[in-house]
Amino acid sequence: MTPSQATADEINNAYRRMSRLYHPDKHLEPLRKKEAEILFNKTKKAYEVLSDPHQRAIYDSLGTRGLETEGWEIVQRTKTPQEIREEYERLAREQGGFPTIEVSGMSFSQSIEAPLTLQDTVTMTGSLSAQNGVGSGSVNVSARRLVSEKGWVEAEFGAGSGPMLSLKGFRTLTKRTFANATGLFQFTPVGIRPGLVTSEAGTFGAILEYGAEKKVSQHTSIAASVVVGVPTGVTLKINPVFYATVTPVIVWAVLKRLVIDPMVREQKERDIEKQREVNKSRITEKRREAKAAVNLMRATFARIRSDEEAKKGLVIVKALYGRLSAADGGGEGDGEEETEVIDVMIPLQCLVKDSKLVLHEASKSQLPGFYDPCMGEDKSLFVQYLYHSHVHEVTVQDKEALRIPKQSNMRRETPACTKWCRLRADPASDHKIPSLVFCSVKW
15 MTPSQATADE
25 INNAYRRMSR
35 LYHPDKHLEP
45 LRKKEAEILF
55 NKTKKAYEVL
65 SDPHQRAIYD
75 SLGTRGLETE
85 GWEIVQRTKT
95 PQEIREEYER
105 LAREQGGFPT
115 IEVSGMSFSQ
125 SIEAPLTLQD
135 TVTMTGSLSA
145 QNGVGSGSVN
155 VSARRLVSEK
165 GWVEAEFGAG
175 SGPMLSLKGF
185 RTLTKRTFAN
195 ATGLFQFTPV
205 GIRPGLVTSE
215 AGTFGAILEY
225 GAEKKVSQHT
235 SIAASVVVGV
245 PTGVTLKINP
255 VFYATVTPVI
265 VWAVLKRLVI
275 DPMVREQKER
285 DIEKQREVNK
295 SRITEKRREA
305 KAAVNLMRAT
315 FARIRSDEEA
325 KKGLVIVKAL
335 YGRLSAADGG
345 GEGDGEEETE
355 VIDVMIPLQC
365 LVKDSKLVLH
375 EASKSQLPGF
385 YDPCMGEDKS
395 LFVQYLYHSH
405 VHEVTVQDKE
415 ALRIPKQSNM
425 RRETPACTKW
435 CRLRADPASD
445 HKIPSLVFCS
455 VKW
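For the sequence shown, the working numbering assigns the number 15 to the initial residue and increments by one for each residue that follows.
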């Protein structure tokens with residue numbers, strides 16, 4: 015895999031290297047010859063695109079999707095790559111068309127207030143709303159009576175999702191405190207639903223309110239809050255404020271750990287499982303292609319490894335790619351078995367040149383012999399290797415660059431560990447190298 019800013023010489027060198035690996039004339043078995051022909055044609059197509067400044071300009075802008083889109087061929091060949099990028103982006107916008115304007119919701123409301131006497135007031139309120147094609151409406155009539163200078167009562171009747179009757183009351187307790195309450199009866203198809211909607215007491219001074227809210231699913235959220243009133247000239251006790259502050263935090267922490275986090279994990283697992291089912295056939299096909307690619311690499315693998323062992327250079331002992339946490343760094347698949355971690359020792363060893371291995375900042379699934387075993391999930395690459403007979407280990411994220419060997423990768427080793435690593439790296443030893451799961455070639 016070459017960097018996105020690779021020069022013409024780097025592209026030519028990479029093409030020659032892959033051609034030697036996949037050229038059909040280098041394989042005698044009919045099955046291997048057929049597999050090599052498929053991979054060689056893909057390599058040749060990639061080389062043709064990257065060698066043509068005009069096609070490469072389009073590929074750099076939108077990848078293979080841009081090469082498959084009709085319309086770019088009308089771009090004049092005399093334009094520079096930068097002009098081609100701008101022209102193609104214009105064509106892509108035209109093909110995308112203009113976004114349609116859609117009204118997803120609408121609401122209307124109207125209220126009329128009529129004072130009957132100095133103490134009595136009648137209010138009529140109506141509202142209509144529509145959301146995603148579903149309409150709703152309500153009509154409410156309320157009557158409020160001023161009982162005294164310190165309070166009032168209100169009765170309200172409404173019709174909409176069902177008949178509703180509510181009673182409200184408000185009273186001033188002192189010069190700086192008040193209280194109000196609301197009682198509600200709602201008639202539903204399953205019966206009467208009574209309840210105390212609100213009960214609030216506060217002050218006419220400063221009010222502090224804080225809380226937390228968490229969306230646990232697409233249609234569900236949970237919240238907790240506390241309101242603290244501070245009346246002027248009155249000293250508050252510490253304990254009630256302390257409990258009001260600490261209790262919601264503790265309740266929130268318990269709910270988050272016992273309810274919210276398990277729900278989020280369960281939802282994430284369902285999404286991942288759904289994604290796996292969608293990509294199942296694609297992953298199977300890519301695995302089959304990669305198996306063919308790695309089979310063609312075996313002769314090159316044996317030659318490179320033999321050369322590196324002879325000069326005590328870079329020898330790949332173990333290489334795993336995928337969601338390593340799923341297998342604690344040791345899961346490996348065999349044949350057509352589904353796995354989230356795959357063995358990529360052979361492909362990585364084939365990329366070693368002059369006792370060095372350099373992978374650029376791009377997804378490792380694009381490398382020959384690799385594929386994405388868990389699409390849509392975080393992946394990493396673990397490499398254990400020998401260099402100058404010393405054991406080294408390194409783990410990098412999927413799109414993180416890798417350059418080995420490095421002194422910082424060396425680990426403290428025991429004689430038994432060193433002996434095991436050397437036996438594992440020796441193809442002639444009786445210790446079997448674990449079977450491999452192979453991946454697709456993507457350029």
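Idealized CB from N, CA, C, for every residue including glycine. The structure presented is a predicted model; accordingly, all values stated were derived computationally and were not measured.
Query: Sequence ranges, alpha helix (DSSP H) only - wholly within the stretch 281-357, length at least 4; Result: none
Query: Rounded distance between the beta-carbons of V155 and M138, thought under 8 Å; Result: 5 Å
Query: N- and C-terminal bounds of the beta strand (DSSP E) containing P387; Result: Here P387 belongs to no beta strand (DSSP E), and DSSP marks it neither H nor E.
Query: For N154, the three-state DSSP class (helix, strand or coil); Result: strand
Query: contact_flag[the stretch 313-323, the stretch 405-413] where n(CB pairs < 8 Å) is 3 or more; Result: no
Query: Three-state secondary structure (DSSP) of T57; Result: helix
Query: Buried/exposed call for P44, threshold 16 Cβ in 10 Å; Result: exposed
Query: K307, buried or exposed, once every other Cβ within 10 Å from all chains shown has been counted against 16; Result: Going by the sequence as given, residue 307 is Ala instead of Lys. So A307 counts as buried.
Query: Complete beta strand (DSSP E) runs within the stretch 145-191 (minimum length 3 residues, chain order); Result: 148-162, 165-173 and 178-186
Query: Limits of the unbroken beta strand (DSSP E) element including E24; Result: Segment A22 to Y36 is the alpha helix (DSSP H) holding E24; no beta strand (DSSP E) there.
Query: N- and C-terminal bounds of the beta strand (DSSP E) containing Q380; Result: Segment: none, Q380 is in no beta strand (DSSP E) and carries neither H nor E.
Query: Assigned exposure category for S339 - 16 Cβ within 10 Å defines buried; Result: exposed
Query: Buried or exposed by the 16-neighbour rule on C-beta atoms within 10 Å, applied to A324; Result: exposed
Query: Boundaries of the alpha helix (DSSP H) in which P361 is found, first to last residue; Result: M359 to C364
Query: Cβ-based burial, V358 [other Cβ within 10 Å; buried from 16]; Result: buried
Query: Between the CA atoms of M277 and P262 - distance to the nearest angstrom; Result: 20 Å
Query: Check whether G148 and G174 have beta carbons under 8 Å apart; Result: Correcting the residue identity first, residue 148 is Val in this sequence and not Gly. No, the pair does not count as a contact, with Cβ atoms beyond the cut-off.
Query: Residue of Q363, A313 and R337 minimising C-alpha distance to L328; Result: Q363
Query: Validate contact between the stretch 280-297 and the stretch 376-384 using beta carbons, cut 8 Å, 3 pairs; Result: no
Query: Residue nearest to T314 in terms of C-alpha spacing, selected from I25, R34 and N26; Result: R34
Query: Span separating the alpha-carbon of S9 from that of G172; Result: Residue 9 falls outside the range modelled here, since the chain spans only 15 to 457, and no answer is possible.
Query: C-alpha distance - R417 paired with L373, whole-angstrom precision; Result: 6 Å
Query: Backbone secondary structure at R279 - three-state DSSP; Result: helix
Query: Burial state of E127, where buried means 16 or more other Cβ atoms lie within 10 Å; Result: exposed
Query: C-alpha gap between L210 and L181, whole angstroms; Result: Bear in mind that a pLDDT of 47 at L210, under 50, signals an unreliable position, so the model cannot answer this.
Query: DSSP state of E127 mapped onto helix, strand, coil; Result: strand
Query: Whether K164 touches T186 by CB criterion (8 Å); Result: yes
Query: Endpoints, beta strand (DSSP E) assigned at S394; Result: S394 to Y401
Query: Local Cβ density within 10 Å of Q398, reported as buried at 16 or more and exposed below that; Result: buried
Query: Span separating the alpha-carbon of R46 from that of P38; Result: 8 Å
Query: DSSP-derived helix/strand/coil call for S369; Result: coil
Query: S118 - DSSP class collapsed to helix/strand/coil; Result: coil
Query: Bridge-paired residues (DSSP) for R7; Result: Because the chain here runs from 15 to 457, residue 7 falls outside it and cannot be looked at.
Query: Per DSSP, the bridge partner or partners of K404; Result: Here residue 404 turns out to be His, not Lys, going by the sequence shown. DSSP output for H404 lists Y401 as bridge partner(s).
Query: DSSP-derived helix/strand/coil call for Q133; Result: coil
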